[in-house]
Amino acid sequence: MSPTKPAIPRLLLAPMEGMLDARLRDVVTRVGRYDWCVTEFVRVTDMTLPNRCFRRVAPELRHAARTPAGTPVRVQLLGSDPFHLANNAARLVALEPAGVDLNFGCPAPTVNRHRGGAVLLDEPELLYSIARAVKTAVQGRVPFTAKMRLGVRDPSRAVECAQALAAGGAEGLVVHARTRDEAYRPPAHWPWVGRIGEAVDIPVVANGEIWTLDDYLRCRAESGRDTVMLGRGALADPFLAARIRAHEAGEELGPVAQEWSRVWPLLIAYWAMVQEDVLPRHAPGRLKQWVNLLRRHYPQAEALFQRLKVLREVAQIDELLRDFAAATQPSGLACRAA
Ligand SMILES: Cc1cc2nc3c(=O)[nH]c(=O)nc-3n(C[C@H](O)[C@H](O)[C@H](O)COP(=O)(O)O)c2cc1C
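First residue of the sequence shown? That's 1045 in the numbering used here, and the numbers climb one at a time after it.
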């Protein structure tokens, strides 16, 4: 992250455990130009993980830490023990990720119960120790960033936490502009990201509740940030990044709903990838999750989801996609669902 104002906006693709995996990173970065993405978290407890644990979450490590479209992939660690986080960061760095990121945002009760994720925002001293240990382990070989929420219950210690991470050596911060207790409920408090940005001298990125170009523009105005990270919005509208870039270049991409014919091949490509390496009993769930998010913008996705949600078998889903393609897509695209 550069502290100088970039000529074009920086767009980052968020980590989303259980949802935005390497396959979806591949698909989404094909159509939207992201400056980098961050993997789902790798959980660190009391041991140094074998390389395969990092490669499972980030198969891109086998390909110079880039998606097939060339987008750099940073790997996220989650834990609370400075020593073990540092050891794992050192091992990870040897695999040459595009960066190392730390998770201080996860609200999941099981993770928080084991002192992982957002619950650590009650302990800025620990944040400092973790950042310092990881910074030492990374040795400047790759960028080192952290992702945080505004706090556990309220944002009263948000600035303190950000300052602790910066003082410990984090080179950039992504701020998901909600507290842990707010989970994913709108709104995101974008002005808080601005307050944090003014209190530290490292780049601060705004994240949370950016679903549309308009949200993006309001987030930038309210947070005063040049760089934003897109999460669910990047899946609900796979063209959101392209739409933002086009707008910044003085062009328009047109209404979202007109592009279902461009979303469809992405969905089919994703389904093919899921079938290659996800167990058949889990594969339908992966597709449903994405289609569920697409419903936000695409009426066609709503229609598809209503039929998809009751199906459990891969073969049933293949058949549904063939039917659906025949009914809604130009003939060339329908063939690809077969
Ligand atoms: C299903 C899901 C999984 C997530 N997993 C992670 C994760 O592994 N690491 C992390 O830092 N944030 C994670 N997040 C939080 C997102 O990165 C992001 O901060 C949040 O969704 C807000 O952005 P959005 O409103 O654009 O989605 C997750 C969010 C969701 C919805």
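Note that beta-carbon positions come from the ideal geometry of N, C-alpha and C, so glycine has one too.
- Message: For the alpha helix (DSSP H) containing residue 1098, name the first residue and the last one.
- Response: 1095–1101
- State yes or no: is the C-beta of residue 1233 nearer than 7 angstroms to some heavy atom of ligand 3? Ligand 3 is absent from the structure shown, which contains only ligand 1.
- Query: Helix, strand or coil: how does DSSP classify residue 1370 here?
  - Reply: helix
- Query: Can you give the beta carbon distance from residue 1082 to residue 1059, rounded, assuming they're within the 8 angstroms contact cut?
  - Reply: 4 angstroms
- Query: Going by Cα to Cα distance, which pick from 1069, 1197, 1199 is closest to residue 1282?
  - Reply: 1069
- Once you ignore the five residues that flank residue 1093 on each side, which residues in its own chain have a CB closer than 8 angstroms to its CB? 1086, 1132, 1135
- Task: Tell me, please, whether the region 1222–1236 touches the region 1199–1207 by the rule of three or more beta-carbon pairs shorter than 8 angstroms.
- Result: yes
- Rounded to whole angstroms, what's the CA-CA distance from residue 1340 to residue 1260? Just pull it up for me. 16 angstroms
- Item | residue 1100 vs residue 1314 beta-carbon contact at 8 angstroms | no
- Task: Check whether the region 1144–1153 touches the region 1102–1112, counting contact only when three or more Cβ pairs, one atom from each stretch, lie closer than 8 angstroms.
- Result: no
- Can you pull the DSSP bridge partners for residue 1207? Answer is none; residue 1207 lacks a bridge partner.
- Taking residue 1172 as the reference, which of 1197, 1127, 1158 has the closest Cα? 1127
- Relative to ligand 1, is the shortest distance from any of its heavy atoms to the C-beta of residue 1195 smaller than 7 angstroms? no
- If you run the structure through DSSP and keep just helix, strand and coil, what is residue 1236? helix
- Message: For residue 1088, tell me which candidate among 1292, 1328, 1159 has the shortest Cα-Cα distance.
- Response: 1159
- Let me know if residue 1091 comes out buried or exposed under the rule of 16 or more other beta-carbons within 10 Å of its beta-carbon. exposed
- Query: Between residue 1191 and ligand 1, is the CB less than 7 angstroms from at least one heavy atom?
  - Reply: yes
- Task: Please classify residue 1176: does DSSP put it in a helix, a strand, or coil?
- Result: helix
- Item | Secondary structure of residue 1086, DSSP reduced to three states | strand
- Message: I'd like to confirm the pairing. Which residues does DSSP put opposite residue 1080 in its beta bridges?
- Response: 1056
- Query: With burial defined as no fewer than 16 other Cβ atoms inside 10 Å of the residue's Cβ, what is the status of residue 1145: buried or exposed?
  - Reply: buried
- Query: Hey, how far is the Cα of residue 1053 from the Cα of residue 1121?
  - Reply: 26 angstroms
- Item | residue 1353 - DSSP class collapsed to helix/strand/coil | coil
- Do the CB positions of residue 1062 and residue 1278 come within less than 8 angstroms of each other? no
- CB-CB under 6 angstroms to residue 1072, same chain, minus the five flanking residues each way: which ones, in chain order? 1278, 1282
- Near ligand 1: residue 1098 beta-carbon under 7 angstroms from a heavy atom: no
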